[in-house]
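The sequence shown runs -5 to 175 under this note's numbering.
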Amino acid sequence: MAIVAKKVQDAKVSAIDELKQSFGTAPDFIFTDYRGLTVEQISNLRKQLRAKDATFKVVKNNFARIAFEQLSAPNVENYLTGPTAIAITPKDANEVAKILLEFAKEVPALKVKGGLVGNSVYDAAQIEAFSKLPGRFELIAMLMSVMNAPARNMVSALNDINARLVRTIKAVGDKKQEGAA
């Protein structure tokens, strides 16, 4: 439980407001422990996350907790302990989770603590399972393939009728030519 100060400093209020603005732009967040990462490794990770329109922000736990409370988000206080960096993902959270978990395999210093996806709080194991799901575009492609299959099958069936007729007529013509010869 945090101690509430009687006099609030303007710098802290502006820092919390800045976090609220960052958090307000995205529905999904993945919490990580970045202790032990070098600046070069963090820069490399940020570069990979930027490709998915995500940001990787090191936060003060108390400020982040207050910002999430003010945004009426579910309780994520358990993940705001120790050094915390948050991957803020405006879309394709499972793609970002894949990047973080792959990076954690290469650099064991990065640990995924958990996440807030939509209004659901996930622990580290659930984030790992979530990362194995197909992405949004993959799901759309699978859906379009399934929706396109009946039309494709009907076209091939209709084409097959014509092809059989043509093959039958050709076979009859070939047989008559053999009989005439």
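By construction, the Cβ of each residue, glycine as well, lies at the ideal position given by its N, Cα and C atoms.
The secondary-structure analysis by DSSP pairs L110 across a beta bridge with F23 and V115. Annotated three-state conformation of V70 is coil, per DSSP. Comparing alpha-carbon positions, the option among E34, D22 and F57 lying closest to A9 turns out to be F57. Rounded to the nearest whole angstrom, the CA to CA distance from Q42 to I93 is 7 Å. With at least 16 other beta carbons inside 10 angstroms of its own, T78 counts as buried. Annotation: A165 is outside any beta strand (DSSP E); the continuous alpha helix (DSSP H) that includes it extends over R130 to A174.
When C-alpha distances from A81 are compared across L110, N69 and N72, the shortest belongs to L110.
Annotation: the continuous alpha helix (DSSP H) that includes A61 extends over N55 to Q64.
The region 118 to 133 makes no contact with the region 28 to 36; the number of CB pairs closer than 8 Å stays below 3. In the three-state reduction of the DSSP assignment, A45 falls in the coil class.
Inclusion of K107 and F25 in the CB contact set at 8 Å is warranted, their separation being smaller than that value.
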